[in-house]
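Number of protein chains: 2
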Amino acid sequence: MAEVSNKQVIFKDYISGFPTDADMYITTSTISLKVPEGSKAVLVKNLYLSCDPYMRPRMTYTTDSYVDSFKPGSVIEGYGVAKVLDSGHPNFSKGDLVWGFTSWEEYSLITSTEMLIKIPTTDVPLSYYTGILGMPGLTAYAGFYEICTPKKGEYVYVSAASGAVGQLVGQFAKLLGCYVVGSAGSKEKVDLLKNKFGFDEAFNYKEETDLVACLKRYFPEGIDIYFDNVGGKMLDAVLLNMRVHGRIAACGMISQYNLDKLEGVCNLINIIIKQVRMQGFVITSYYHLYPKYLEMVLPHIKEGKIVYVEDTVEGLESAPQALIGLFSGRNVGKQVVVVARE
Amino acid sequence: MAEVSNKQVIFKDYISGFPTDADMYITTSTISLKVPEGSKAVLVKNLYLSCDPYMRPRMTYTTDSYVDSFKPGSVIEGYGVAKVLDSGHPNFSKGDLVWGFTSWEEYSLITSTEMLIKIPTTDVPLSYYTGILGMPGLTAYAGFYEICTPKKGEYVYVSAASGAVGQLVGQFAKLLGCYVVGSAGSKEKVDLLKNKFGFDEAFNYKEETDLVACLKRYFPEGIDIYFDNVGGKMLDAVLLNMRVHGRIAACGMISQYNLDKLEGVCNLINIIIKQVRMQGFVITSYYHLYPKYLEMVLPHIKEGKIVYVEDTVEGLESAPQALIGLFSGRNVGKQVVVVARE
Numbered sequence: 065m066a067e068v069s070n071k072q073v074i075f076k077d078y079i080s081g082f083p084t085d086a087d088m089y090i091t092t093s094t095i096s097l098k099v100p101e102g103s104k105a106v107l108v109k110n111l112y113l114s115c116d117p118y119m120r121p122r123m124t125y126t127t128d129s130y131v132d133s134f135k136p137g138s139v140i141e142g143y144g145v146a147k148v149l150d151s152g153h154p155n156f157s158k159g160d161l162v163w164g165f166t167s168w169e170e171y172s173l174i175t176s177t178e179m180l181i182k183i184p185t186t187d188v189p190l191s192y193y194t195g196i197l198g199m200p201g202l203t204a205y206a207g208f209y210e211i212c213t214p215k216k217g218e219y220v221y222v223s224a225a226s227g228a229v230g231q232l233v234g235q236f237a238k239l240l241g242c243y244v245v246g247s248a249g250s251k252e253k254v255d256l257l258k259n260k261f262g263f264d265e266a267f268n269y270k271e272e273t274d275l276v277a278c279l280k281r282y283f284p285e286g287i288d289i290y291f292d293n294v295g296g297k298m299l300d301a302v303l304l305n306m307r308v309h310g311r312i313a314a315c316g317m318i319s320q321y322n323l324d325k326l327e328g329v330c331n332l333i334n335i336i337i338k339q340v341r342m343q344g345f346v347i348t349s350y351y352h353l354y355p356k357y358l359e360m361v362l363p364h365i366k367e368g369k370i371v372y373v374e375d376t377v378e379g380l381e382s383a384p385q386a387l388i389g390l391f392s393g394r395n396v397g398k399q400v401v402v403v404a405r406e
Numbered sequence: 065m066a067e068v069s070n071k072q073v074i075f076k077d078y079i080s081g082f083p084t085d086a087d088m089y090i091t092t093s094t095i096s097l098k099v100p101e102g103s104k105a106v107l108v109k110n111l112y113l114s115c116d117p118y119m120r121p122r123m124t125y126t127t128d129s130y131v132d133s134f135k136p137g138s139v140i141e142g143y144g145v146a147k148v149l150d151s152g153h154p155n156f157s158k159g160d161l162v163w164g165f166t167s168w169e170e171y172s173l174i175t176s177t178e179m180l181i182k183i184p185t186t187d188v189p190l191s192y193y194t195g196i197l198g199m200p201g202l203t204a205y206a207g208f209y210e211i212c213t214p215k216k217g218e219y220v221y222v223s224a225a226s227g228a229v230g231q232l233v234g235q236f237a238k239l240l241g242c243y244v245v246g247s248a249g250s251k252e253k254v255d256l257l258k259n260k261f262g263f264d265e266a267f268n269y270k271e272e273t274d275l276v277a278c279l280k281r282y283f284p285e286g287i288d289i290y291f292d293n294v295g296g297k298m299l300d301a302v303l304l305n306m307r308v309h310g311r312i313a314a315c316g317m318i319s320q321y322n323l324d325k326l327e328g329v330c331n332l333i334n335i336i337i338k339q340v341r342m343q344g345f346v347i348t349s350y351y352h353l354y355p356k357y358l359e360m361v362l363p364h365i366k367e368g369k370i371v372y373v374e375d376t377v378e379g380l381e382s383a384p385q386a387l388i389g390l391f392s393g394r395n396v397g398k399q400v401v402v403v404a405r406e
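Going down the list, the sequences are from chains A and B.
The opening position of the first sequence corresponds to residue 65 in the working numbering, with each subsequent residue numbered one higher.
The opening position of the second sequence corresponds to residue 65 in the working numbering, with each subsequent residue numbered one higher.
This is how it looks when you write it as structure tokens:
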């Protein structure tokens, strides 16, 4: 079987601090577009790749996380949308569109197919399966409904609120009849939160010198639910502003991922005083909710009741910069890399 | 109505840092042993008073806690066991024994009787109603069974484990078939944990230079449940040793109560990685469980399946020193002050 050329993004070596261009490089290898004889693997053409905050911890060596570190010298792994070119697996056939765990390259031979899901409908943008209809969407859904146990009328705060997960949490909370405030790192994002996603209020955390006072201004009655995507100083300020029996969904802590020395959170005593439940979660524990989630979200998307904003870059070559940009908040909305459109 | 003399412990003024002798003083006032005409108050003779860690935050001014700060120049409030001398309230009669919120004095006129509970049985030591049969007992019960949702065979770690609450949590966990390790601050307490309370293992945290390594030694498989009475550095070390889907009951943070600047906890990212639920609670939310708790614990006490260790001092004059001693760990077991034995 003839091999074709296969452009790839290679992870160079373990890092500390902020990732840079130099930590990844583009190479071209070759690949056969057939799965090996007798294998249950799936051979896909990658269409859209997802840049996600959890990818940063994978760039540092650890044996103690829910997901393995990247391997130096190997292609970067991540979520994506792909088209099946050949399949040895009974669940997948040539021509199927799938989303799930793939690699940052033009073509991938996927041997671990447990994390691959067939795309049920294409009457929404296909790239949505890297975001609202993929892992980040399910994260927002499980995190908000299962972890936060929200009630109508409650006061909800979302950090990194214009990101892939945050924008959805805010909209889910509004649909339920909550009061929702979001924070983000630029005027453009704050405008998006208020004008496009329908948050009640939004603020630029970079312009606030006193986060505790800022949150008190937006939540004079306190916060019932905090959907935490950032950790660190923001979490510390939130703890001082929680209401009795409040809930904190610990979804991500992007403020800490590039630090060599983690910031200390000082106000945990408020977890006792306010009888707060803080719960961390990893989306792989909630995949069983995916069909239920789709059933809920697809009609909302089609009716325009939930909107989704993506920040797309073109070409695999752009992927390293796109991933790096996440950690300085350069993206506006969900960061997607277009490898091929079909 | 003639008045009698009434010795009292007065709270002097708000403090920072560790409390000292000079922050309380003994005075003698007078009191009528009758409730005022038409009042629904209860007039009691105080028998046993309880020294509890949560009393320290009340010595600093705050409006942001679940319990009010003490009033400078006023008698100290706290849990105790008392005998009713006169009552304007239909639920209480002369001669009743009660436990609940009273004051550090010989006789108290209790106007807020919602926190007063009639003592159902006296075939156990009466002082137990400041501890195993009172607030700390209910705290251990609700904290362990409701907050920690324990399962047989799980790995349980308790800090301040020889204290009023900790010694019970350990014994409840053993009864359920868990593996239990406790920490305390002296050899005497460690011996107590192993030899009297039946913990599987115990260690003196003051002798450990590396708490993370120490916990790894006692929990090579990790910790399923951490019952946290201390917060701070210990909590930080525990976070690195939690198992997937672990639970942390945030019951108290005595390591922080005397600090002007709270310690930062750096390892919260593990709440996400390990999908941990950390939940703070205040026992007033669980008073409805008291009858159920008594039903469980009384037979165990009578059969000797659960033991309880108290550290008693005699006389109201000893109360300030006894309270202060809590914060340096001077007490061995539950700290009780005997005001009168009947």
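We put the CB at the ideal spot given by N, CA and C, even for glycine.
Please read all numbers here as calculations on a predicted model, not as lab measurements.
Which first and last residues belong to the alpha helix (DSSP H) in which residue i is found?
i: Y354 of chain B; result: Y354 to K366
i: I337 of chain B; result: I333 to I337
i: K280 of chain A; result: L275 to Y282
i: A266 of chain B; result: Here A266 of chain B belongs to no alpha helix (DSSP H); instead the beta strand (DSSP E) covers E265 to N268.
i: E252 of chain A; result: K251 to D255
i: T166 of chain A; result: Run containing T166 of chain A: none in the alpha helix (DSSP H); it sits in the beta strand (DSSP E), L161 to S167.
i: K398 of chain A; result: Looking at the DSSP string, K398 of chain A is not in any alpha helix (DSSP H); the run it does join, the beta strand (DSSP E), is K398 to V402.
i: V302 of chain B; result: G296 to L303
Please classify residue i: is it buried, with 16 or more other beta-carbons within 10 angstroms of its beta-carbon, or exposed?
i: E378 of chain A; result: exposed
i: N334 of chain A; result: buried
i: S80 of chain B; result: exposed
i: V68 of chain B; result: exposed
i: G20 of chain A; result: The structure shown does not extend to residue 20 of chain A, since chain A is modelled only from 65 to 406, so the question has no answer here.
i: G344 of chain B; result: buried
i: V308 of chain A; result: exposed
i: G137 of chain B; result: exposed
i: Y89 of chain A; result: exposed
i: N259 of chain A; result: exposed
i: R281 of chain A; result: exposed
i: G227 of chain B; result: buried
i: E169 of chain B; result: buried
i: T126 of chain A; result: exposed
i: P117 of chain A; result: buried
i: N293 of chain A; result: buried
Which one of the options has the shortest CA to CA distance from residue i?
i: K366 of chain B; options: B:I196, B:Q399 and B:C115; result: B:I196
i: L257 of chain B; options: B:V229, B:T273 and B:P284; result: B:V229
i: C242 of chain B; options: B:G227, B:D292, B:R341 and B:P214; result: B:P214
i: I347 of chain B; options: B:E169, B:F156 and B:G198; result: B:G198
i: L275 of chain A; options: A:D85, A:T124 and A:G246; result: A:G246
i: L239 of chain A; options: A:Y205, A:Y269 and A:A105; result: A:Y205
i: I140 of chain A; options: A:G152, A:S129, A:V162 and A:Y171; result: A:Y171
i: A314 of chain B; options: B:G102, B:T203 and B:S157; result: B:T203
i: Q339 of chain B; options: A:S349, A:C212, A:Y321 and A:L323; result: A:S349
i: I120 of chain B; options: B:L387, B:N395, B:V403 and B:L111; result: Inspection of the sequence shows that residue 120 of chain B is occupied by Arg rather than by Ile. Closest by alpha carbon: B:L387.
Please list, in chain order, the chain A residues whose beta carbon lies closer than 7 Å to that of residue i.
i: M119 of chain B; result: Per Cβ cutoff of 7 Å: no residues; M119 of chain B is ~14 Å from chain A at best.
Identify the residues that DSSP records as bridge partners of residue i: which are they?
i: N110 of chain B; result: B:A146
i: Y243 of chain A; result: A:Y219
i: V73 of chain A; result: A:I90
i: F291 of chain A; result: A:V222 and A:A313
i: I140 of chain B; result: None; I140 of chain B has no bridge partner.
i: S392 of chain A; result: In DSSP, S392 of chain A forms no bridge with anything.
Ends of the beta strand (DSSP E) at residue i?
i: M306 of chain A; result: M306 to A314
i: L173 of chain A; result: Y171 to I174
i: G201 of chain B; result: Run containing G201 of chain B: none in the beta strand (DSSP E); it sits in the alpha helix (DSSP H), M199 to Y205.
i: L119 of chain B; result: The sequence given here has Met at residue 119 of chain B, not Leu. Neither: M119 of chain B is in no beta strand (DSSP E) and is coded neither H nor E.
i: L407 of chain B; result: Chain B is shown only over 65 to 406; residue 407 of chain B falls outside these bounds and no answer can be derived.
i: G344 of chain B; result: R341 to G344
i: E378 of chain B; result: E374 to E378
Which residues of chain A have a Cβ atom closer than 8 Å to the Cβ of residue i, listed in chain order?
i: V416 of chain B; result: Absent from the structure is residue 416 of chain B, since the part of chain B shown begins at 65 and ends at 406.
i: G230 of chain B; result: Under the 8 Å cutoff, chain A gives no residues; its nearest Cβ is about 16 Å from G230 of chain B.
i: A314 of chain B; result: L332, I335 and I336
Can you name the residues of chain B whose CB is closer than 8 Å to the CB of residue i?
i: V317 of chain A; result: Correcting the residue identity first, residue 317 of chain A is Met in this sequence and not Val. The answer, in chain order, is L332, I333 and I336.
i: V329 of chain A; result: G328, V329, C330 and L332
Any heavy atom of the ligand FAD closer than 6 Å to the CB of residue i?
i: L362 of chain B; result: Ligands are entirely absent from the displayed structure, and the ligand FAD is therefore not among its contents.
In chain B, which residues lie less than 9 Å from residue i when you measure between Cβ atoms?
i: Y130 of chain A; result: V308, I336, I337, K338 and Q339
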